[in-house]
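Below is one structure, written out as structure tokens, with a few remarks after it.
Numbering (full-length UniProt numbering), first residue to last: 1 to 704.
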């Protein structure tokens, strides 16, 4: 008799909620069912479970039955279950696939950094770190490592598998491009796949995955979009009998774009509620091509069953389907700069049909645009922006996903940030709450967050219904207090779910300064609190010290401050709060010029003094030099000036201060007309305007 069984177990859950007399959750029942092992040596089964993936603190011998009900587990805890079969001699099989009591998980894909290979990271529905799963391709991880994740039920068991698309690999000769990896619902390796186009795989090889039911038969298909050079193509696959079967291709019908860039980023969802998923295709950047407008995406109808069935006979054929419409972002400036579009699809308003979320590439300002599909037209519902202005200005790319995080039938928005995003995923409410910012999550190590920080997010279902009521989530209060003799305002206090990351705010009032945080934060920098317990932070405000600004003048002129205080002339000293910026403007007296600042400022522009201490500034004015303007003319009229001085006829010379603009006006005598100016200063027949920065001569000509 063998000491180890070779078999696989398949476990499914049924969730039952038990209420106490006060109508609050007191315990939760989990009914586990699994397929029997067809082996006469099996004498029973053991259930293993714990509070972390593949770490089982408890075991329970349930005898020779294939179901068991737990009736007293804590509803606030996420559990992980696996089963072993036991032989007559006491030997056990390996563990079955693992199931979790959570209804969904957050999944993000990262990139390689330093000695850290490509990876995906998982958090449970309480936003707590669960596990890190390495990408199963060591050579790729060392070269690129980016993991673009998509989730969906590929084998029909009601639990989502994970597909990992890869970045470009052709910088390393001999690396096989066009690959993608499929992980089973418990994150174990299931299948490898590759695009059926060797030339593309050699030239670029990057892949963008999406999963959905294209023909409405209840079985999901897998779509793999191609990157730059992919001629707008997407290959369609299906998992059949444990193997990956290619079904055919779909494509973007835009030859100019396909030849210029050709990247196709697919997302799949039912936009019209007919049970058959549509395909939304985002495009790569097209800056610099006037004939290829950016900010564009395509919407295609899913395939009918006959088309997919026929595709199995010729798996390289082009699957022809109705192209519904062409979509455009409503931000023309971005479309002209980059125009890259990255779609996600989900029902965000609970009407039974999905909406389109369009993420943006670099220079996208941290924005996504949300569209509703109504009567074969797209209507912009909202723009949603990342809650981090510095990232939005520096990079601004957004990588969206949609998932029903609170089990109310309306999908929430999940936005991963790109490079420089510190490993952050931001969560936003559904349409009923105006897509308002809800919370953020951080993934990856400290080294990864600083060194790259880009993430591709996805929402992974763990139960077929996807609608069961979630157990209550533990919450903790955050208090934000004020201290010190100064004044100011604080924000961020409230009750938050366990694992939430909160950033309290502090803003000093006029005459006060923010001195720093104490309690759960310290220092003057951004305060970030991880809510794994009740916490308190205190913002201390101090009365701002005041410093005296003294203005001295040399020569004739005045100096005034933009804010009240200095008007020198009469007032040459004023006190200002520490940190104030005081702008001083010089005004020379008539016949003088401002020659420059000394002391706290230099140069001749406006002086801006930062009041971090008592300071003195000197403004120097000098007598302006004079230059002579000479007018010549041959008779037949007179020339007059503004400012006054020249009446030529009789007075044809006048000195003016440097910088003065003198306007000369000709007046012909009777029988004459003014002909023109000459002398290199003015020309033509209008008035002559002379800037006096040197002695100048102007000649006026009159003729009959």
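For each residue, glycine too, the CB sits at the ideal point set by N, CA and C.
In the three-state DSSP reduction, residue 79 falls in the coil class, being neither helix nor strand. Collapsing the DSSP output to three states places residue 131 in a strand. According to the DSSP secondary-structure assignment, residue 601 is paired through a beta bridge with no residue. Here the alpha carbons of residue 291 and residue 602 stand approximately 51 Å from one another. For residue 373, no alpha helix (DSSP H) run applies; the uninterrupted beta strand (DSSP E) run containing it begins and ends at 367-374, by DSSP. Here residue 397 has 360, 361, 362, 364, 418 as same chain residues with Cβ atoms under 7 Å from its own Cβ, once five neighbours each way along the sequence are excluded.
Restricting attention to 516, 48, 533, the CA atom closest to the CA of residue 525 is found in 516.
For residue 213, same chain residues with a beta-carbon under 6 Å away, outside a window of 5 residues either side, are 220, 277 in chain order. Along the segment 563-649, the beta strand (DSSP E) occurs as fully enclosed runs of 3 or more residues at 573-577, 581-588, 592-599, 607-610, 615-623, 626-633, 637-642, listed in sequence order. When secondary structure is reduced to three states using DSSP, residue 36 falls in the coil class, being assigned neither helix nor strand.
In the three-state reduction of the DSSP assignment, residue 672 falls in the coil class. Per DSSP, the unbroken beta strand (DSSP E) holding residue 412 starts and ends at 412-417. Contact between residue 456 and residue 148 holds: their C-beta atoms lie close to 5 Å from each other, under 8 Å. In the three-state reduction of the DSSP assignment, residue 308 falls in the helix class, which pools H, G and I. Looking at the DSSP output, residue 61 bridges to 46. The segment 116-127 makes no contact with the segment 38-50; the number of CB pairs closer than 8 Å stays below 3. Excluding its 5 nearest sequence neighbours in each direction, residue 341 has C-beta neighbours in its own chain below 6 Å: 282, 283, 297, 358, listed in chain order. Each of 442, 242, 300 was checked against the Cα of residue 121, and the nearest Cα belongs to 442.
Scanning its chain for C-beta atoms nearer than 8 Å, with the 5 sequence neighbours on each side dropped, one finds around residue 694 the residues 627, in chain order. In the three-state reduction of the DSSP assignment, residue 198 falls in the helix class. In this structure, residue 536 sits near residue 479, with a CB-CB distance shorter than 7 Å. By the 16-neighbour rule on beta-carbons within 10 angstroms, residue 431 is buried.
Cα atoms of residue 329 and residue 335: separation of roughly 7 Å, rounded to the nearest angstrom.
For the pair residue 585 and residue 619, the CB atoms are not nearer than the 7 Å cut-off. The alpha carbon of residue 414 has as its nearest neighbour, out of 436, 650, 420, the alpha carbon of 436. Counting the other Cβ atoms within 10 Å of the Cβ of residue 573 gives fewer than 16, which makes it exposed.
As the crow flies, the alpha-carbon of residue 677 is around 12 Å from that of residue 703.
When secondary structure is reduced to three states using DSSP, residue 549 falls in the strand class. Rounded to the nearest whole angstrom, the C-alpha separation of residue 382 and residue 355 is 11 Å. Per the Cβ contact rule, the segment 86-99 is not in contact with the segment 368-388 (fewer than 3 Cβ pairs under 8 Å).
Per DSSP, reduced to three states, the secondary structure at residue 446 is helical. Beta-bridge pairing by DSSP links residue 250 to 234. In the three-state reduction of the DSSP assignment, residue 259 falls in the helix class. Between residue 420 and residue 395, the C-beta spacing is below 7 Å.
The Cβ atoms of residue 193 and residue 231 lie no closer than 7 Å to each other.
Under the three-pair Cβ rule at 8 Å, the segment 542-549 counts as touching the segment 606-622.
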